[in-house]
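Structure, as structure tokens:
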Ligand SMILES: Cc1cc2nc3c(=O)[nH]c(=O)nc-3n(C[C@H](O)[C@H](O)[C@H](O)COP(=O)(O)OP(=O)(O)OC[C@H]3O[C@@H](n4cnc5c(N)ncnc54)[C@H](O)[C@@H]3O)c2cc1C
Ligand code: SF4
Ligand code: SF4
Ligand code: SF4
Ligand code: SF4
């Protein structure tokens, strides 16, 4: 076999630590692969042609930047001129340029999988200082790669068709935006939302920073557009139960929970709501600050504007008697017999946009959230100041309905907290929404004193710093660097015990309302969704991007995209940008009729497999099945699902499972080359 | 222990929680800061380390897992329990005890002085 070896300088990245010319020369010293000619010469150089049965390095050269056009041309020229049957590139990590070099090989007529990379940058020059030792190690790495390429078989990528339909999970602003963008590109989208209406947290907000435009005014048109778009099918009050398959060809089972109301007949008149006797159920949308009935529409602008019967609280479902709503409903839309419906649908791509929740404050007893009605969270404050909220937008204390004379905001509650109580990260939106809340109060009640306790004020966003400074300079909001140690309810007021860090002294005040900027965390279902989609989540439970810089909206699983708070704390502009980016990536796949699949997948040798099935449980992608096929007692790998991790190959006790492109023989040859 | 002081982000929650902070010449967040920059010896001459009650409020509140009370304990230890010339409370604690001294302070002082509880 005629092998060519190319050594890259990577400017000085490699050259400064590895003697590249010497390396290019020494790879031609044959020992393991049986080449006889040892001819130290100036590279590039050609050794006397070896006999076809013997593997030998017939060409070697070093070059400044192999990935550059000139470098690639050197490789393609050498392949044609010297009839190379295998190529080793000693350069950076295969993650960087394996694809580049393999494409070059293919252009010269060589099967791309007959090209191997020896990583002499990340795994050698970057981590060593001694030039001689580094050069020796680089030589070992090159020899291992030569040993591997010697056993390489030509591989041919497969193809699979693309189902031209997208599934978007989560109907907050992230999911709505992604669905709209994909639908606008002409593809069908199913938007699945767990609650009875789309809109997410943004629907609960009053005004939005930094422009203070009304949240509902900018969100509602998008909700309506999503509902009426010819390419979008809404599944509200629905959940994804199961996802199988792979990019281009996922199958999802969606549970459409029984609303108890026929969505087609209902006119949204609300007569049923008035008739319902169960009126004291905490209203989730109002963050529990108002009540709702058992049959309810979550909020005035809900999409769809159709009620749902909360079976846990409905008198009929609890005691078998009532049905007053049925009597009140003119179009006869109420249907107590409705049952959950399961639908299965095929999708080419999936967008996960399951959003966030503020953390529970049970562990933060010092703030007295559970003891004092006038200690509220920021999300509750959004409802309190919202014209459609429980007070009609009047700033009234929950305890006695008085306008507070002083309001105290506490930032970073549970954020930047490395202990078990909190979250180690910055929740990113609280500095800005607290400044917003302070301004909203001052606009309505300039006489009300507003104080904000902060550790740092973080405003890195377009017009953010100006917005925060406006709170201080134009509205006279008092920012106190420090934190609150205790909130004590006292004679209808709240006593604050705090530290003013700039005064370096204790700051105690009496206030009427305390607002806690609670940390955010991924919504409760995120873990479940992550498992279902085989999409990894980070230590904090947020869905991880495939690369933090270069692949910010893709998950590690092909065909699964991420956007919004499900991926990490972010505000609405960033959420929308990410949603459009995720949609764009999704459209990129949907546009294709067929996808090329990576041929480096696992394959079981039917003669060796004894059907133990160990590999089935090992595979994180569910790619291995032990049923079906001509021989039901052997396993079968679905090559479209297999991501080539090699777990099964390592687990197989009988050596039947092998990973193409990384076969047992190749790995052993590499180890031998390194050790012998 | 000193290495943990660099976890402090100067939020002030320890001092906001500390029942003695208003009496101290150097509140807990400041001795964390000072130890971080100047080492243990930089706080050994303060009154504060002897005023600390070891009630651990600061440690319960600290979001970064810094242990101000332990740091004070260490600073005291560095001077030896009985050679302190600042901790007035340490002399004749039992004799001087009266209703005005908070119970917690008394117990803490006894513990620091190593005097047996009568
Ligand atoms: C108090 C407060 C004030 C804020 N103010 C502002 C502001 O002024 N300006 C600004 O830019 N940002 C603001 N934000 C941030 C803003 O709320 C978020 O950026 C935005 O809502 C994120 O949208 P999302 O779609 O990612 O998540 P969400 O709004 O949480 O939407 C997620 C959706 O997914 C659904 N879902 C969850 N699990 C499932 C499941 N398993 N199946 C199906 N559906 C599911 C949820 O029901 C929800 O509808 C504020 C945040 C808070 C807490
Ligand atoms: S049947 Fe249930 S939902 Fe209907 S009115 Fe009675 S309690 Fe309300
Ligand atoms: S572990 Fe190996 S032998 Fe067992 S079922 Fe899997 S492929 Fe077959
Ligand atoms: S342990 Fe000491 S420093 Fe900490 S809160 Fe109690 S008295 Fe203050
Ligand atoms: S509470 Fe912890 S982080 Fe905050 S100032 Fe005190 S020691 Fe530092």
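Protein chains in written order, with my numbering: chain A, 145 to 820; chain B, 98 to 215. Cβ coordinates follow ideal geometry from the N, Cα and C atoms, glycine included.
Taking a beta-carbon distance threshold of 8 Å, residue 139(B) does not count as an interface residue toward chain A. For residue 613(A), the enclosing alpha helix (DSSP H) covers residues 608–617. If you compare the alpha carbons of 456(A), 353(A), 671(A) and 403(A) with that of residue 717(A), the shortest gap goes to 353(A). Pairing residue 643(A) with residue 626(A) gives a Cβ-Cβ distance under 8 Å. Remark: fewer than three beta-carbon pairs, one from each stretch, lie closer than 8 Å, so the stretch 529–537 of chain A and the stretch 504–515 of chain A are not flagged as touching. In this structure residue 796(A) touches residue 758(A) by the C-beta definition: roughly 7 Å separates them, less than 8 Å. Sixteen is the threshold: since fewer than 16 other Cβ atoms of the shown chains lie within 10 Å of the Cβ of residue 740(A), the residue is exposed.
According to the DSSP assignment, residue 658(A) belongs to the beta strand (DSSP E) that extends over 657–662. Taking 7 Å as the upper bound on Cβ-Cβ separation, chain B lies near residues 510 of the stretch 509–534 of chain A.
With 16 or more other Cβ atoms inside 10 Å of its own Cβ, residue 516(A) counts as buried.
The beta carbons of residue 479(A) and residue 404(A) sit about 6 Å from each other, so the pair counts as a contact at 8 Å.
Beyond the five residues adjoining it in sequence on each side, residue 720(A) comes within less than 6 Å, by CB distance, of 321 in the same chain, given in chain order. The three-state reading of DSSP puts residue 347(A) in helix, counting H, G and I together. Taking each of 616(A), 406(A), 374(A) and 560(A) in turn and checking the Cα distance to residue 329(A), the smallest one comes out for 374(A).
Approximately 11 Å separates the beta-carbon atoms of residue 149(B) and residue 111(B); this is outside 8 Å, ruling out the contact. A residue is called buried when at least 16 other Cβ atoms come within 10 angstroms of its Cβ; residue 437(A) meets this threshold and is buried. Residue 633(A) is outside the set of residues whose beta carbon lies under 8 Å from a beta carbon in chain B. Within the stretch 117–145 of chain B, the residues whose Cβ lies closer than 8 Å to some Cβ of chain A are 118, 119, 124, 126 and 127, listed in chain order.
Ranked by Cα distance from residue 630(A), the options 439(A), 225(A) and 641(A) are led by 641(A). For a cut-off of 8 Å, the C-beta gap from residue 446(A) to residue 382(A) is around 15 Å, too long to register as a contact. Burial is judged here by how many other beta carbons sit within 10 angstroms of a residue's own beta carbon; residue 361(A) has fewer than 16 and is exposed. Interface flag for residue 287(A) against chain B is unset, since no Cβ pair is found closer than 8 Å. The bridge partners DSSP lists for residue 489(A) are 396(A). Looking at the backbone, the Cα of residue 589(A) and that of residue 540(A) are separated by about 11 Å. In the three-state DSSP reduction, residue 586(A) falls in the helix class (H, G or I).
With respect to chain A, the C-beta atom of residue 105(B) has no partner C-beta closer than 8 Å. For the options 817(A), 343(A), 211(A) and 553(A), the alpha carbon positioned closest to that of residue 379(A) is the one of 343(A). Residue 304(A) has 739(A) as its beta-bridge partners, per DSSP. Nearest to residue 435(A) by C-alpha distance, out of 424(A), 444(A), 288(A) and 442(A), is 424(A).
Look at the stretch 742–796 of chain A and you find these whole runs of alpha helix (DSSP H), each 4 residues long or longer: 758–762 and 791–795. Counting along the chain, the unbroken alpha helix (DSSP H) around residue 810(A) starts and ends at 808–819. Going by DSSP, residue 263(A) is part of the beta strand (DSSP E) stretching over 259–263.
Residue-level contact check: residue 169(B) does not touch chain A, since none of the beta carbons of chain A fall below 8 Å from its beta carbon. Shown here for residue 307(A): same chain residues with a beta carbon closer than 8 Å to its own, the five before and five after excluded, namely 392, 393, 394, 490, 491 and 492 in chain order. Close CB contacts of residue 205(B) within its chain, under the 7 Å cut and outside five residues either way in sequence, are with 150 and 151 (chain order). Taking the C-beta atoms as reference points, residue 263(A) is found no nearer than 8 Å to residue 295(A).
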